[in-house]
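Data first, discussion second: the structure below is written as structure tokens.
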Amino acid sequence: MRQLISSGAPWEPIVGYSRAVRVGNVVEVAGTTAQDGDVITGEGDVYAQTKRALEKIGEALAAAGASFADVVRTRIFVTDISQWEAVGRAHGEVFGAIRPAASMLEVKALIDSRLLVEIEATAIITGVGNAPSTGN
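First residue of the sequence shown? That's 1 in the UniProt record's numbering, and the numbers climb one at a time after it.
Shown next as structure tokens:
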């Protein structure tokens, strides 16, 4: 069974993607930023943007029947690698005890020049009673 989780963004059907997809016990969360519509949380503040992106990832995981504890891999894309400590601190506040495999890469730009960080996550649900819900 394939479960699609939407963020509700108007560009999802245009681009052809979902915020997250669950197939079996695997959940893939797409690149997630601090952008909500036209608003960017923490504009100019990479720590605040990282926190918001992680909140949104948590929401997508929950919609797929998963949690941060199920995350086995994160990929972090930053526009300024010199800001890695602030990004890492926010990531560590969520994943410090979970410690998924993680990569942090500097990229030239993200889809909006105000965005400083984008995060992807992969989760594998191993708990009992985590059947996917019907939906999107």
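Ideal placement from N, C-alpha and C gives every residue a C-beta, glycine not left out.
Work out the CA separation of residue j and residue i for me, nearest whole Å.
i           : j           : result
residue 64  : residue 94  : 18 angstroms
residue 81  : residue 26  : 30 angstroms
residue 37  : residue 98  : 31 angstroms
residue 136 : residue 3   : Residue confidence is low: residue 136 scores 41 on pLDDT, short of 50, so the model does not pin down where it sits. Its coordinate-derived value is still stated next. Answer to the nearest angstrom: the Cα atoms are 7 angstroms apart.
residue 67  : residue 106 : 27 angstroms
residue 55  : residue 114 : 19 angstroms
residue 24  : residue 1   : 6 angstroms
residue 137 : residue 9   : Missing from the structure shown is residue 137; the chain here goes from 1 to 136 and no further.
residue 22  : residue 91  : 23 angstroms
residue 14  : residue 125 : 30 angstroms
residue 111 : residue 59  : 22 angstroms
residue 44  : residue 127 : 38 angstroms
Are the CB atoms of residue j and residue i within a distance shorter than 7 angstroms?
i           : j           : result
residue 5   : residue 19  : yes
residue 46  : residue 116 : yes
residue 123 : residue 61  : yes
Using a Cβ-Cβ cut-off of 8 angstroms (strictly less than) and excluding sequence neighbours within five positions of residue i, which residues of its own chain qualify?
i           : result
residue 84  : 78, 104
residue 87  : 46, 47, 50, 76, 78, 104, 117
residue 109 : 79
residue 69  : 98
Near residue i, what residues of its chain come up, given a Cβ to Cβ distance below 7 angstroms and the 5 sequence neighbours on each side ignored?
i           : result
residue 151 : Because the chain spans 1 through 136 in this model, residue 151 falls outside it and cannot be assessed.
residue 12  : 6, 18
Step through the CB atoms of chain D and report whether any lies within less than 7 angstroms of the CB of residue i.
i          : result
residue 39 : The structure shown contains no chain D, having only a single protein chain.
Per the DSSP calculation, residue i is bridged to which residue(s)?
i           : result
residue 103 : 75
residue 21  : 4, 28
residue 83  : Note: residue 83 sits in no beta bridge, so no partner.
residue 124 : 26
residue 40  : 35
residue 118 : 77
Apart from the five residues on each side of it in sequence, which residues of its chain come closer than 6 angstroms, Cβ to Cβ, to residue i?
i           : result
residue 121 : 29, 57, 71, 74
residue 32  : 53, 56, 57, 119
For the ligand PLP, is there any heavy atom lying closer than 6 angstroms to the beta carbon of residue i?
i          : result
residue 30 : The ligand PLP is not part of the structure shown, which contains no ligands of any sort.
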